Amino acid sequence: MRFALYVLCIPFYASPMELKYIALTDPLYGYLVKCRSHTGDSVLRALRSETDALGDISKMQISEEQGSFMSLLVAAIGAKSAIEVGTFTGYSSICISRGLGQDGRLICVDESKEWTDIAQKYWSQAGVNQRIELRLGPAIPLLQKLEPRLIFDFAFIDASKTEYDAYYELLLPRIRPNGLILFDNMLWGGKVAQPDAHDKDTDALRALKLLFIDAGTRDEWNLDLGARILTRRLAALGVPFQHQEFDDGHRGINYRYDVSLPKLAAALGAT
Ligand SMILES: C[S@@+](CC[C@H](N)C(=O)[O-])C[C@H]1O[C@@H](n2cnc3c(N)ncnc32)[C@H](O)[C@@H]1O
């Protein structure tokens, strides 16, 4: 599979006072999306038409260019196992499964039989149905019940915005080192940057962004996060272990784990 990626950038001679982005005008946007991969894909086009016919709800579907980008991203990180939370009529799942390749596996989680029936029809048409397993029901209990052995290279989150933090917490311990979790709708149509917008979805997405900033910038949080991931992964694998927190005078909390080396390697995805 071959992809083309176009990256927006500004000339390097821009003054430091200038903003580091180009405003995305309609003509520029049109130019970019015409250059993308999969423009001639008849299955994706048919799926988009059938979804459009559902009416206003069709706006839940990801855009064509996002689909191309996701196939590229999944293939670029060499992902072979993935999970999607929020499948709807199947557009993103087809794009992910194509990026995974023949031997890849994707678990799709969604509570709607009506919409995922459409998805299943197009999985067959796209020839990716053998790579996809649908788990139907509310996402949080299904993620809590994932088999201990399951570790993912890639996760796509696109269901209830107020549950994004729970999906994140439940999936993080199952993402392999240097794996990727992709969240849809993080700007929520621009509302996250509007100070007066305070509906529950907007506030949930803002809170999630703060969680990510914390994870990226605070050493002590990173330490704690690493320990939390390990603790959960061991528990998810059913590995008996004991851990102890202690403060040795450095920043943050240190953890000692009492677990055998092979079991620790398995928990870290090294075997
Ligand atoms: C935005 S759509 C997903 C769009 C899809 N990724 C695509 O490319 O077309 C959100 C989906 O999440 C599902 N959903 C919303 N809340 C959910 C929940 N709590 N548990 C399971 N599925 C949920 C809905 O049924 C819907 O199909």
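Each residue of the sequence shown is one higher than the one before, counting from 0 in numbering that gives the first Met the number 0. Backbone N, C-alpha and C define an ideal beta-carbon position, used for all residues, glycine too. These numbers were taken from a predicted model, which means no experiment stands behind them.
- DSSP, reduced to helix, strand and coil, places A265 within a helical segment of the structure shown.
- Separation of the CB atoms of I95 and W122 is rounded to 11 angstroms, and the pair is thereby denied contact status at 8 angstroms.
- Note that the region 35-55 touches the region 65-81; at least 3 beta-carbon pairs, one per stretch, sit closer than 8 angstroms.
- Excluding five sequence positions before and after G77, the CB atoms of its chain that fall closer than 8 angstroms to its own CB belong to D152, given in chain order.
- At least one heavy atom of ligand 1 lies closer than 7 angstroms to the C-beta of W114.
- Placement of the Cβ of Q119 at a distance of 7 angstroms or more from every heavy atom of ligand 1 is found.
- The C-beta of A81 has 16 or more other C-beta atoms within 10 Å across all chains shown, which makes the residue buried.
- For L169, same chain residues with a beta-carbon under 6 angstroms away, outside a window of 5 residues either side, are L142 in chain order.
- The beta carbon of A165 lies closer than 7 angstroms to those of I139 in the same chain, with the five residues before and after it left out.
- The alpha-carbon of A192 is positioned some 45 angstroms away from that of D257.
- Where I82 is concerned, the enclosing beta strand (DSSP E) starts and stops at 80-84.
- Taken in chain order, the region 168-196 contains no complete alpha helix (DSSP H) segment of 4 residues or longer.
- Inter-residue distance for T86 and L135 is about 10 angstroms (C-alpha atoms, whole angstroms).
- Annotation note: the region 31-90 contains the following uninterrupted alpha helix (DSSP H) runs of length 4 or greater, listed N- to C-terminal: 41-51, 63-75.
- Counting only unbroken stretches of 4 or more residues, the alpha helix (DSSP H) elements lying wholly within the region 83-144 are 90-99, 112-125, 138-143, in sequence order.
- E168 has its Cβ no nearer than 7 angstroms to any heavy atom of ligand 1.
- Straight across, the Cα-Cα distance linking D183 with V108 is about 15 angstroms.
- In the DSSP assignment, the residues bridged to I156 are V84, F182.
- The C-beta distance from F155 to L181 rounds to 5 angstroms, short enough to meet the 8 angstroms contact threshold.
- When secondary structure is reduced to three states using DSSP, D198 falls in the coil class, being assigned neither helix nor strand.
- Here the distance from the Cβ of A138 to the nearest heavy atom of ligand 1 is below 7 angstroms.
- Under DSSP, the beta-bridge partners assigned to F151 are I174.
- Between the C-alpha atoms of L186 and L204 there is a straight-line separation of about 8 angstroms.
- Close CB contacts of T201 within its chain, under the 7 angstroms cut and outside five residues either way in sequence, are with W187, K190, V191 (chain order).
- Its Cα nearest to that of P147, the residue R232 stands out among S48, K19, R232.
- The beta-carbon distance between L99 and G66, rounded to whole angstroms, is 14 angstroms. This is too long to meet the 8 angstroms contact definition.
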